[in-house]
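Visitor: Residue numbers (the working numbering): 784 to 1058.
Where a beta carbon is used, it is the ideal one built from N, C-alpha and C, also for glycine.
Quick caveat, the model's predicted, so the values are computed rather than measured.
What follows is a structure written as structure tokens; I'll ask about it next.
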Amino acid sequence: MNNQKVVLITGSSTGMGKETALILAKKGFLVYAGSRDPKKLEKLNTKNLIPIKLDITNPDNIKEVINIIKKEHGKIDVLINNAGYGLVSTVEDLDEKEMFDQYNINVFGLLRMCKEVIPSMRKENSGVIINISSFLGKIGLPLLTLYNSSKYAVEGITDSLRYELSEFNIRVHSVMPGFFNTNFAKENLVTNFNTFDEKSPYAKTVSKLAPVIVEQINNGNNPKEVGSMILDIIENDKFPARATIGEKAKKFIPMKKELSDEDFERRVKEYYNIG
Ligand SMILES: NC(=O)c1ccc[n+]([C@@H]2O[C@H](COP(=O)([O-])OP(=O)(O)OC[C@H]3O[C@@H](n4cnc5c(N)ncnc54)[C@H](OP(=O)(O)O)[C@@H]3O)[C@@H](O)[C@H]2O)c1
């Protein structure tokens, strides 16, 4: 066993997870890059990067991965909860499975990871947990109630865990990205069939908002920026509890803090030409 820091990232095959894994591996961390399809990462063949099959909906698989890492290295220094996807649906169109799946990945999956990693960090009296939330974890939008509320939950989990774990010297942070050009809009925005029916009573909102969101994600910031921020968080033990990154987060989060709820809502409606 040596002093190399061990990192585990969820959802690493694309986007922010992949870029973070590459940046940390290059910096000398030993990175376990979790993915439902680790073959995608094997092609990278990068020093310090170990692709590993990880499905955050499967508690047995999570335990197995943690045990492999602990057996090899005795510890996990950093957990990065990155895996997530977005459901685009009105609330009245939601079915049970859609509701459950959104929270199962974005919220329960993250909690399952924390639950399994915390005991080893607690024994080491050291650790960093970084939750990838979103600027949408602080603001609402139509059609994104499930996604945004799942990210609000991530914000709440971060705040509570910070209290729970500080006596064990475990830092917990949330990163709230604006829109970033990843695989998110291409493969990980799941749409509800009825919401996107042209006869839906919400058709006007769908036609105004959905293409703009997709366009803003595809023209968003570079996910490497998130990787660099995560490196900063790991290396700087005075890093703030939460950080915003990317143009949209920098625009909306301060505005949300400054304005009344109603004024903020008016600004968002004007900006997206909705409501
Ligand atoms: N892109 C944006 O504009 C944006 C903005 C704010 C926040 N975020 C958040 O940033 C995180 C990373 O997203 P990204 O933008 O990098 O998008 P991405 O390229 O689509 O990557 C998301 C990763 O999450 C995992 N994932 C997606 N759906 C999943 C499912 N049903 N079950 C298990 N894992 C699943 C996938 O990992 P594997 O396929 O490797 O398992 C995928 O590589 C997410 O939590 C997202 O909500 C994104």
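(1) Is it buried or exposed for Gln787, if we count other Cβ within 10 angstroms and need 16 for buried?
(2) Let me know the secondary structure DSSP gives Ser909 once reduced to three states.
(3) Would you kindly check if the distance between the Cβ of Ser903 and the Cβ of Lys858 is under 7 Å?
(4) Considering Cα atoms alone, identify which of Glu907, Ile996, Val955 is closest to Leu944.
(5) Does the structure place the stretch 864-884 close enough to the stretch 927-934 that three or more beta carbon pairs sit under 8 Å?
(6) To which residues does DSSP link Tyr1063 through a beta bridge?
(7) Taking C-alpha atoms, which residue in Thr978, Ala804, Thr793, Pro984 lies nearest to Leu837?
(8) Does DSSP put Ala1024 in a helix, a strand or coil?
(9) Excluding sequence positions up to five away, which residues of its chain have a Cβ less than 6 Å from the Cβ of Val900?
(10) Should Tyr815 go down as buried or exposed, given a rule of 16 or more other Cβ atoms within 10 Å for buried?
(11) What I want to know is whether the C-beta of Ala866 ends up closer than 6 Å to one or more non-hydrogen atoms of ligand 1.
(12) Leaving out five residues before and five after Asn889 in sequence, what residues of the same chain have Cβ atoms less than 6 Å from its Cβ?
(13) For a test of the three-state rule: what should DSSP assign to Lys798, helix, strand or coil?
(14) What does Phe963 pair with, by DSSP beta-bridge criteria?
(15) Per DSSP, what are the beta-bridge partners of Leu870 in this structure?
(16) Would you be able to state if there are at least three C-beta pairs under 8 Å between the stretch 1034-1053 and the stretch 992-1004?
(17) Going by the C-beta, is Phe967 closer than 6 Å to any heavy atom of ligand 1?
(18) Could you check which residue in Thr974, Glu855, Val1051, Met959 has the C-alpha nearest to that of Ala1059?
(19) Is it true that the CB of Ile1057 sits closer than 7 Å to the CB of Thr988?
(20) Using alpha carbons as the reference points, say which of Ser872, Phe1035, Asn865, Tyr1054 lies closest to Tyr985.
(21) Using the beta-carbon count (16 or more within 10 Å), is Leu893 buried or exposed?
(22) Excluding the 5 residues flanking Thr839 on each side, which residues of the same chain have their C-beta closer than 7 Å to its C-beta?
(23) Excluding the 5 residues flanking Ser917 on each side, which residues of the same chain have their C-beta closer than 7 Å to its C-beta?
(24) Identify whether Ile953 lies in helix, strand or coil by the three-state DSSP scheme.
(25) Tell me whether Ile839 sits in a helix, a strand or coil according to DSSP, three-state version.
(26) For Val995, which residues in the same chain have their Cβ closer than 6 Å to its Cβ, ignoring the five residues on either side in sequence?
(27) Verify the contact flag: Thr941, CB atom, against every heavy atom of ligand 1, threshold strictly below 6 Å.
Guide: Answer, in terms of the structure:
(1) exposed
(2) coil
(3) yes
(4) Val955
(5) yes
(6) Outside the shown range of the chain (784 to 1058) lies residue 1063, about which nothing can therefore be said.
(7) The shortest Cα separation from Leu837 among Thr978, Ala804, Thr793, Pro984 belongs to Thr793.
(8) coil
(9) Around Val900: Ile859, Leu862.
(10) buried
(11) yes
(12) Gly867, Ser933
(13) It should be noted that the sequence gives Gly, not Lys, for residue 798. Gly798: helix per DSSP, three-state reduction.
(14) Phe963 pairs with Asn1004.
(15) Val973, per the DSSP bridge assignment.
(16) Taking 8 Å as the limit for Cβ pairs, the verdict is that the stretch 1034-1053 does not touch the stretch 992-1004.
(17) yes
(18) Absent from the model: residue 1059. The displayed extent of the chain is 784 to 1058, so no value can be given.
(19) Going by C-beta atoms, Thr988 is nearer than 7 Å to Ile1057.
(20) Ser872
(21) Burial of Leu893 is indicated by the presence of at least 16 other C-beta atoms within 10 angstroms of its C-beta.
(22) In the sequence as presented, Thr is not what sits at residue 839; that position holds Ile. Once the five neighbours on either side are set aside, the close Cβ partners of Ile839 are Thr793, Ile845, Ala866, Ile888, Gly892, Arg895, Met896.
(23) The beta carbon of Ser917 lies closer than 7 Å to those of Lys934, Met959, Pro960 in the same chain, with the five residues before and after it left out.
(24) strand
(25) coil
(26) none
(27) no
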